[in-house]
Structures are given as structure tokens and as C-alpha cells.
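Note sheet for the following structure.
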Amino acid sequence: MTSHAITSTEPTSVGWRSALPIAAVAVVAAYGLMSSDYVVTVLGFAFIYAIFCTGLNFFMGYTGQASFGQSAFAAIGGYGSAILCTDYGWEPLLALIATMAISGVVAAVVGYPTLRLRGHYLAMATFALGLIAYEITIEWTSLTQGYMGYAGIPPLGLGGFELATLKQQFIAIVVMALIGVGVASRLRQSRFGRALASIAGSELAARALGVDIARYKLVAFVIAALYASAAGSLFAHFVGFISPEIYGTSMVIQSFAMLYLGGIGTTWGPMLGAVIVSVLPEALRGLKEMQDIAYTAILIFILIFAPRGLAGLTVLFRRARRPALGKA
Amino acid sequence: MTAVSAATADVPLLEAKDISASYGHVHALKPTSLHVAEGELVTILGPNGAGKTTLMRALTRLTPSRGNVFFRGRDVSRLSTNRLARCGIVMVQEGRGLFSQMTVRENLVVGGYLHPGDIDTHLQAVFELFPRLKERLDQLAGTLSGGEQQMLAIGRALMAKPQLLMLDEPSLGLAPRVASEILGTLRELNRRGIGILLVEQKAPLALKLAQRVYVISLGRIVVELKTDEIESHHDLARYYLH
Numbered sequence: 001m002t003s004h005a006i007t008s009t010e011p012t013s014v015g016w017r018s019a020l021p022i023a024a025v026a027v028v029a030a031y032g033l034m035s036s037d038y039v040v041t042v043l044g045f046a047f048i049y050a051i052f053c054t055g056l057n058f059f060m061g062y063t064g065q066a067s068f069g070q071s072a073f074a075a076i077g078g079y080g081s082a083i084l085c086t087d088y089g090w091e092p093l094l095a096l097i098a099t100m101a102i103s104g105v106v107a108a109v110v111g112y113p114t115l116r117l118r119g120h121y122l123a124m125a126t127f128a129l130g131l132i133a134y135e136i137t138i139e140w141t142s143l144t145q146g147y148m149g150y151a152g153i154p155p156l157g158l159g160g161f162e163l164a165t166l167k168q169q170f171i172a173i174v175v176m177a178l179i180g181v182g183v184a185s186r187l188r189q190s191r192f193g194r195a196l197a198s199i200a201g202s203e204l205a206a207r208a209l210g211v212d213i214a215r216y217k218l219v220a221f222v223i224a225a226l227y228a229s230a231a232g233s234l235f236a237h238f239v240g241f242i243s244p245e246i247y248g249t250s251m252v253i254q255s256f257a258m259l260y261l262g263g264i265g266t267t268w269g270p271m272l273g274a275v276i277v278s279v280l281p282e283a284l285r286g287l288k289e290m291q292d293i294a295y296t297a298i299l300i301f302i303l304i305f306a307p308r309g310l311a312g313l314t315v316l317f318r319r320a321r322r323p324a325l326g327k328a
Numbered sequence: 001m002t003a004v005s006a007a008t009a010d011v012p013l014l015e016a017k018d019i020s021a022s023y024g025h026v027h028a029l030k031p032t033s034l035h036v037a038e039g040e041l042v043t044i045l046g047p048n049g050a051g052k053t054t055l056m057r058a059l060t061r062l063t064p065s066r067g068n069v070f071f072r073g074r075d076v077s078r079l080s081t082n083r084l085a086r087c088g089i090v091m092v093q094e095g096r097g098l099f100s101q102m103t104v105r106e107n108l109v110v111g112g113y114l115h116p117g118d119i120d121t122h123l124q125a126v127f128e129l130f131p132r133l134k135e136r137l138d139q140l141a142g143t144l145s146g147g148e149q150q151m152l153a154i155g156r157a158l159m160a161k162p163q164l165l166m167l168d169e170p171s172l173g174l175a176p177r178v179a180s181e182i183l184g185t186l187r188e189l190n191r192r193g194i195g196i197l198l199v200e201q202k203a204p205l206a207l208k209l210a211q212r213v214y215v216i217s218l219g220r221i222v223v224e225l226k227t228d229e230i231e232s233h234h235d236l237a238r239y240y241l242h
């Protein structure tokens, strides 16, 4: 698959440019805390998706691979948390961590044979993974309660301390999203991140330089699964109810829109895309029957004028400011 | 034509025995043997479609192959491409295989993936060979000129500390002056002790550099000789030198 990763585009220094997105997140979070529960819920979903997309970005953006099946790991996270907490009385935070571990193992087992495929074949195989997980959530009713869904999932907490209000949970989700982006950023700038970027650039060249591409692809897939699982689990604890359609194909499509709109392969793009794609329909709600048309038109407009996503615009801006270099 | 055996060392740097490769039912490379001695520069010549690139890819396992490959006497036939790079066999592919969306610096740093502790030292060594790369450090690789891209491809391979550098058509698409400059650098690298196996279309240039030459035709090595012997093979000399 052709990589759309922008591998050389972001500043590696920790300066004001790194602080700017964090400040923006703080402003959005502060706005949420001063608003109604409805706004908090919308923004909470946005930051949960930001976690999901940051993980997906590892596999699709940094490594240049295709995955249409990350919703499977979100489902493992969500249903795992639901089952462990409601049926077995686990602490929510422990359930979140345990389901992440389970997702990681499943990703390693599934990814080992699947990641031998490339391009469209890999996309189809991962899509099948998502569909299988979806079917399991519907059909295995004794475990998942099928279309009835799982209710009564407790909010996040540990050791008797519970994030009782929506706003407390929202803060926890924002903090986790920031930690997720921070970890992704550090990994991206590491030797590991450079190896992933080389795979995105040219698998043959990466192999010739000593990069074990099979291993790195698998690790990137597992990391993406860990993020997806955490997002799925957080959703379950945040809403208190889950059902199969939450982790269906629409989740994949939604996350792709977020990833490409925000800027695939960039550090902050997934979060930016998640917030915009989540908030925009709500902001356009006043347009009533024109809402969907306006929403779609804005997305298309952004993608036409920022084909590398909104975070990619900073790259173009920086390149425009860089003095032109002549050719030999 | 007379085949000349030219073993120049007891244990060759690289030795391939009966290596072959197929694309489906097409035998692109028939069982073929060759060797490169320590510190030797060997070139492979042949017409288009003769199997030169397939031979290079088979040796580095970029294409599945049969037969045995030994590196300093150690059987590396079953090692993957990345494991071969760890052994010191590094290939610069035809078309360069640069990471076009990365800068020159990033390409070079990825080249040093196997030796993360020595990046700065190796960068300086690369800049000594190719000062132009230092001027282009923050430029995207895809925006470099053809000659600079080839310099970067070779520089990136050097970051991996090769003991055997394999190059597939490094002068492809380059102006004669630039091609000559690139091939001159290979001579310098060879002087420093790096073994080089070179596939090259610009035969007169390649033959000036190489100590030995293999001629490949229809997927099989048909001639092996020292370069100073090529004049005595009139048909070869006419075809490749004039």
C-alpha cells in the first residue's frame, strides 16, 4: 500500500510548537468543563476516538500499512471491560489494563500470519477481522448479550475511588489521550519510529538496511490494538452501555475520516481529526435537514485544500518559509 | 571464450554456489556460481534482461532463491535480507529505493539503523565522500537531483557499515560526468577495503574500476575473467569497450 505518512514533516524539538497543541487541548477541555453534560459527552467521544486514531496512526500513518479491522480490538476492550466489571466485579482500571493485554495477545496471534499480506490483501484480511468480531458480539449472546447490549458498566475508578461525574471522567479521558499522543510522539522519534518510517517509505530498502520489517509491522499492529482496546474500554466506562453496532464498520469509517482529515502520519493529526469530525455534526445541528450535506461538504472542502490533513498544513507552511535549495 | 578462475583469497568475502531464481515458470537465473574476494571490486555485465538484477536480488534474498551463499565462509543461504545486512552485505537497489518523503538527514540516520551508537561518526564519513549531501541535509530526498539521489543511496548504505557493498546500476539515468563521479567514489570505497559487487550498464566505466568481470547472458554466467584480459577477447572488447 502506498504510504501517505508524512515522515519528515514535524519538528522534533520540544519548543513552543510542541506546546501549542497541548494548549489547544487544554482550551477545548476547559470549554467542555464549563459546558453542559451534552457537550462533555460529545467531547468525551472525540477524545476516546483520538486515542483510537492515534493507535491506528501507528499502523497506517507511521508504518504505511492498511487496517480496516481495529474495531475488533475496541470491541475486545469494550466487552472485556463490561464483562469483567459487571459479571466479575473487577475494578474498571484493572479491567481496562487486562483487556489491553488480551487485545495485544490477540493482535500478535492474528497479526503474525495476516501481516504477511500486503496492500489490498492486508486490507481485506483486517476487514474480515473486524467483521468476525462484529458477528461474535451479535451471535455469542451468552457472552455479549447480542443486540441487547451490556448495561450497567461502572465508570472508571480504582480501589473504591470512582470518577462519579461525567466531567471527572472527561478529564481522565483527556489525560489518557494526551499520554497516548505523548507516547506515540516519543516512539515516533526513536529508532523504532525511524524503522517504522522506513517501512512506510520502502519495504525493500528497509530490509536491505537491516530492518526486520515483519517484526516491526507486528509490533506496530499490536500497539495499534492496545490503543484501540483502551479506547473501546473507555467508551464502555464513559457511557455505561455498549452494543455491537458501536464497534461496527461505522467505527472504522469514522476513524479513517478522522485520520485523513487531521493528518495521517502526523503526531497531533489524529486528535485534531477526531475532535473536528466529532464536534462538526453537533455544531451544524441547527441546519436541520441540511446538516449532513453541510458536514460532508466541509469535510470534502478540507480534504481538497489540505490533502495531507489539517496537521499537514503546518508542514507546508514550514516548507514555504524554508529557503529554496537549488539542484545540482 | 575461456573462463578464467581467479580466486584471490583462501576464503572469499562472498561465494555463491549454484544460485538460481525463478519468477513462476520463468527461470530468470539458472544455477550460477560466483565469488568476490576480500577488498575486490567485481562487476557484472550483460544485456538487458540477462538476469543481472535477479542475480543481485537472489544473493541478498530480496528474491527467493535456491543454491548456497557463503559470506567469509559462513553459510548465509537461509538468512533473510535484514540478517544479511547485519552480516555486512548491503545492497543499493536499482532505482535507489530512497525514502522520498524523508529528508537527506533522515535517510542517512535510517541507514545507520544497525549502528545507532555511531551515527554521528558515520555521518561525517559520508559527508567527506559526498560534501553535497551536507548542503542538502534538510531537503526531502525526493526533491534531489538524480546524481544527489544516487550519492544519498550510497551514503545511506555506507551508514550500515557494509563489508560488501552491492550496487545495481548506480549510474542509471545519470549524466556521464555525474556517473563518472559516482563510480570514482566506488573506487575510493574499494581502496578503503570495502568489497564491491557492481552491476553496471556503462561497461567502459565499470571495467576501468573492476578487478574482475562476470558476463551474464540468458540467466547464466558465461564468462569470468580479469578486466585486463578483456582486450584479448575481441568479441567482448568490441561489445563492451568500444
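Sequences listed follow chains A and B, in order. All residue numbers for the first sequence refer to the UniProt record's numbering, where the first residue is 1 and numbers rise by one. All residue numbers for the second sequence refer to the UniProt record's numbering, where the first residue is 1 and numbers rise by one. Here a beta-carbon is modelled for each residue, glycine too, at the ideal position from N, C-alpha and C. In this text, all values refer to a predicted model and were calculated from it rather than measured experimentally.
Based on DSSP bridge pairs, tell me the residues matched to residue i.
i                     : result
residue 308 (chain B) : There is no way to answer for residue 308 (chain B), as the model of chain B reaches only from 1 to 242.
Ile242 (chain A)      : A:Tyr150
Arg74 (chain B)       : B:Phe71
Gly195 (chain B)      : B:Leu164
Quick one: what does DSSP say residue i is sitting in, helix, strand or coil?
i                     : result
Phe130 (chain B)      : coil
Glu38 (chain B)       : coil
Pro31 (chain B)       : strand
Ala151 (chain A)      : strand
Ile223 (chain A)      : helix
Val26 (chain B)       : strand
Ile154 (chain B)      : helix
Leu140 (chain B)      : strand
His115 (chain B)      : coil
residue 245 (chain B) : This structure cannot speak to residue 245 (chain B), because chain B is shown only from 1 to 242.
Ala125 (chain B)      : helix
Thr144 (chain A)      : helix
Ser278 (chain A)      : helix
Ala19 (chain A)       : helix
Phe99 (chain B)       : coil
Gly309 (chain A)      : coil
Mind checking which residues open and close the beta strand (DSSP E) that includes residue i?
i                : result
Ala23 (chain B)  : As written in the sequence, residue 23 (chain B) is Tyr, which differs from the Ala given in the question. Leu14 to Tyr23 is the extent of the beta strand (DSSP E) around Tyr23 (chain B).
Phe70 (chain B)  : Arg66 to Phe71
Ile89 (chain B)  : Ile89 to Val92
Glu224 (chain B) : Arg220 to Lys226
What's the call for residue i, buried or exposed, on a 16-neighbour Cβ count within 10 Å?
i                : result
Gly112 (chain B) : buried
Pro155 (chain A) : buried
Trp140 (chain A) : exposed
Lys226 (chain B) : exposed
Leu98 (chain B)  : buried
Phe45 (chain A)  : buried
Phe317 (chain A) : exposed
Ile230 (chain B) : buried
Gly193 (chain B) : exposed
Ile213 (chain A) : buried
His122 (chain B) : buried
Ala328 (chain A) : Bear in mind that a pLDDT of 36 at Ala328 (chain A), under 50, signals an unreliable position, so the number given afterwards is only what the model happens to contain. Its Cβ having fewer than 16 others within 10 Å, Ala328 (chain A) is exposed.
Val175 (chain A) : exposed
Glu40 (chain B)  : buried
Ile199 (chain A) : buried
Leu143 (chain A) : exposed
Ala28 (chain B)  : buried
Asn48 (chain B)  : exposed
Kindly indicate the opening and closing residues of the alpha helix (DSSP H) around residue i.
i                : result
Ile173 (chain A) : Leu166 to Arg188
Leu94 (chain A)  : Pro92 to Thr114
Ile302 (chain A) : Gln291 to Phe305
Ile51 (chain A)  : Asp37 to Asn57
Leu164 (chain B) : No alpha helix (DSSP H) holds Leu164 (chain B); the beta strand (DSSP E) holding it covers Leu164 to Asp168.
Gly160 (chain A) : Element bounds for Gly160 (chain A): n/a, residue is neither H nor E.
Val109 (chain B) : Val104 to Gly111
Thr137 (chain A) : Gly119 to Glu139
Glu231 (chain B) : Looking at the DSSP string, Glu231 (chain B) is not in any alpha helix (DSSP H), and its letter there is neither H nor E.
Lys208 (chain B) : Ala203 to Leu209
Ser67 (chain A)  : That residue, Ser67 (chain A), is in no alpha helix (DSSP H); it is neither H nor E in DSSP.
Exercise. Would you call the region 179 to 195 of chain A and the region 75 to 84 of chain B touching, i.e. three or more CB-CB distances under 8 Å?
Worked result: Touching, no.
Problem set entry | the region 160 to 167 of chain A contacting the region 105 to 112 of chain A, beta-carbon criterion three pairs below 8 Å | The region 160 to 167 of chain A, when compared against the region 105 to 112 of chain A, does not touch it at the 8 Å Cβ threshold.
For this session: Pair every Cβ in the region 214 to 230 of chain A with every Cβ in the region 49 to 65 of chain A, then say whether three or more of these pairs are closer than 8 Å.
Result: With a cut-off of 8 Å on Cβ pairs, the region 214 to 230 of chain A is in contact with the region 49 to 65 of chain A, counting three or more such pairs.
For this session: Give a yes or no on contact between the region 31 to 46 of chain A and the region 267 to 278 of chain A, applying the rule of three or more CB pairs nearer than 8 Å.
Result: Yes, the region 31 to 46 of chain A is in contact with the region 267 to 278 of chain A.
Exercise. Is there contact between the region 305 to 316 of chain A and the region 89 to 99 of chain A, where contact requires at least three CB pairs shorter than 8 Å?
Worked result: The region 305 to 316 of chain A is not in contact with the region 89 to 99 of chain A.
For this session: Answer yes if the region 230 to 238 of chain A comes into contact with the region 65 to 81 of chain A, meaning at least three C-beta pairs across the two stretches below 8 Å, and no otherwise.
Result: As far as the Cβ criterion goes, the region 65 to 81 of chain A touches the region 230 to 238 of chain A, which means the pair count is three or higher.
Exercise. Is the region 142 to 150 of chain B in contact with the region 87 to 106 of chain B, if contact means three or more CB pairs nearer than 8 Å?
Worked result: Taking a contact to require three or more Cβ pairs closer than 8 Å, the region 142 to 150 of chain B and the region 87 to 106 of chain B qualify as touching.
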